[in-house]
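Remarks on the structure that follows.
Protein chains: 2
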Amino acid sequence: MLQFISRTCNVAAVKATPRPYHHGNLREALLHAAEKTLETSGAQSISLRELSRELGVSHTSPRRHFANKQALLDALALRGFERFDLALGRATKDRGHNFQTRLTKLTRAFVSFALKHSALLGLMFEAKHRAGAPRELLEASEKAFGHAAAAFAEGQTTGEVVAGDPWRLSLVVFAAMQGLIALSTDGKFKGIPLDRLVGEIIERLILGLRPRP
Amino acid sequence: MLQFISRTCNVAAVKATPRPYHHGNLREALLHAAEKTLETSGAQSISLRELSRELGVSHTSPRRHFANKQALLDALALRGFERFDLALGRATKDRGHNFQTRLTKLTRAFVSFALKHSALLGLMFEAKHRAGAPRELLEASEKAFGHAAAAFAEGQTTGEVVAGDPWRLSLVVFAAMQGLIALSTDGKFKGIPLDRLVGEIIERLILGLRPRP
DNA sequence: ACCTGAACACCGTTCAAGT
DNA sequence: ACCTGAACACCGTTCAAGT
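Taken in order, these protein sequences are the chains called G and Z. Taking the numbering used here, I'd label the letters of the first sequence as residues 8 to 220. Taking the numbering used here, I'd label the letters of the second sequence as residues 8 to 220.
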């Protein structure tokens, strides 16, 4: 399986082999190459001309698959949200735990995704924020964050969570995680690794900032 | 005073008036023009050549004042953090209130800054996050966020806040705000304006997600 | 349907030269 | 000390033409 992937995706191999006039899978190849560039050199280093060069096609061929550069970035962001959704779904599918445990798993999955794909996550939110962002992108984002709302709703039925709109309650947690990542550098906040902070923050959110009466 | 500013900063006036060989204030003028572009068209639209054109100087003259484009963006981010610091400082200087009120004022100031200068805030965090970001930028960020830590420390002395490192406690609040902004679109989350959500979130953070016993 | 090549209007950065 | 002009090596996008 891994060999299959590396054979179809290996850029050098594609370049060396005499390529037919039609690439056959240019859209996929562009997205794959773009993501590699994103993770290694940042979003600003993504260039349609450079990607074309890597894939051995003319610099105008991306046009057939993406109306412009932004469309390619949006497609990359959409894939990001889809994978993000899967990661969060996996983290919450096990219902045999209490609310705090589920919430901790969910937030750890979030932080883990953020650390592994930090440039992609940045691109995802930037694309979503853009004026005139495609509807699919907003929907994909909504879907991913729905996992938290679902966990909160279930926590309410078991009496572990206060009453209120689950979406607005879950906002607090996601916001805290998203912000934690934004405020941190190198996966650390004031020298403490993020994944060590997660458990602490979740407990603080559940118990509140006020001293116990 | 306002007239003075508009006279010295008005780009059209500078362009129309026969300009001496030395601009005299090119560094300032570049930063001012760059911020205008940032707020109206986004960070990606900032171009050294275009700024030079607007100011009526050659496209190579920015080089004397900024080693490269990134240096100009960093300078812009640094100014952002300084203004951010001032805004948060003003919001917390009045000590005649309880912890919840002070915290709400602080977070409202944060959200207000974020809504007024969203592109700048984005640039600030991106610049801070960059590998090899200048030390000044990290220090300026630290200084601004110190206002929250101070409010938490004081809340502890009056028994309104649980024990613990004030920096780590304040992280929860700032993270929540930062994330709230990131997760929202157009200053709204699911149609509800951010400033309406702030009070609700602060109360939730203070009381906790758990139902009252 | 998919890809190419030439052309256009942009970039940032470097460097020798001017005031 | 500060600014300029020419040059270099890049961009994204358009469009007529090729397979």
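Backbone N, C-alpha and C fix where the C-beta goes; we use that ideal spot for every residue, glycine too.
When you check each C-beta in the segment 202 to 218 of chain Z against every C-beta of chain G, which residues fall closer than 8 Å? Leu204, Glu207, Ile208, Arg211, Leu212, Ile213, Leu214, Gly215, Leu216, Arg217 and Pro218
Taking the beta carbon of G:Ala20 as the centre, do at least 16 other beta carbons fall within 10 Å, making it buried, or is it exposed? With a pLDDT of only 35 at G:Ala20, under 50, the local geometry of the prediction cannot be trusted, and the value read off the model is given with reservation. Exposed, because fewer than 16 other Cβ atoms sit within 10 Å of the Cβ of G:Ala20.
For G:Phe73, three-class secondary structure by DSSP: coil
Tell me whether the beta-carbon of Z:Leu144 lies closer than 8 Å to the beta-carbon of Z:Leu80. no
Where G:Ile199 falls: helix, strand or coil (DSSP): strand
Hey, Z:His66 and Z:Leu37 are a contact pair by Cβ (cut 8 Å); roughly how many whole angstroms apart? Contact flag wrong, Cβ pair sits at about 12 Å.
If we count Cβ pairs, one from each stretch, closer than 8 Å, do we get three or more for the segment 199 to 210 of chain Z versus the segment 149 to 169 of chain G? no
Using the beta-carbon count (16 or more within 10 Å), is G:Arg109 buried or exposed? buried
Going by C-alpha to C-alpha distance, which of Z:Leu127, Z:Leu190 and Z:His30 sits closest to Z:Val64? Z:His30
Looking at the unbroken alpha helix (DSSP H) that takes in G:Glu46, where does it start and where does it end? Leu33 to Ser48
Z:Val108: first and last residue of the uninterrupted alpha helix (DSSP H) it sits in: At residue 108 of chain Z the sequence reads Thr, which differs from the Val that was named. Segment Phe106 to Lys123, the alpha helix (DSSP H) holding Z:Thr108.
With a Cβ-Cβ cutoff of 8 Å, do Z:Phe106 and Z:Ala151 count as a contact? no
Any Cβ of chain G within less than 8 Å of the Cβ of Z:Phe88? no
Does G:Thr192 get closer than 8 Å to chain Z when you measure Cβ to Cβ? yes
Just to confirm, is the Cβ distance from Z:Leu122 to Z:Gly194 under 8 Å? yes
Beta-carbon contacts of Z:Leu204 that lie in its chain and below 8 Å, excluding the five residues immediately before and after: Leu187 and Phe196
Straight-line gap, Z:Glu161 to G:Ala189 (C-alpha atoms, nearest Å): 26 Å
If you draw a straight line from the alpha carbon of Z:Ala74 to that of Z:Ala41, how long is it in whole angstroms? 16 Å
Starting from Z:Thr192, follow its DSSP beta bridges and name the residues at the other end. Z:Lys195
Counting only the same chain and skipping the five closest in sequence on each side, list residues whose C-beta sits under 6 Å from that of G:Pro173. Ala156, Phe159 and Ala160
Indicate whether at least one CB of chain G lies closer than 8 Å to the CB of Z:Lys112. no
Alpha carbon to alpha carbon, how far is Z:Phe117 from Z:Glu35? Give it in angstroms, no decimals. 26 Å
Starting from the beta carbon of Z:Val179, find every residue of chain G whose beta carbon is closer than 8 Å, and list them in chain order. Ala183, Ile208, Arg211, Leu212 and Leu216
Which chain G residues are close to Z:Gly186, counting only those with a beta carbon under 8 Å from its beta carbon? Phe181, Ala182, Ala183, Met184, Gln185, Gly186, Leu187 and Ala189
Z:Phe132 to G:Arg217 span [Cα, whole Å]: 30 Å
Output yes if chain G places a C-beta closer than 8 Å to the C-beta of Z:Lys150; else output no. no
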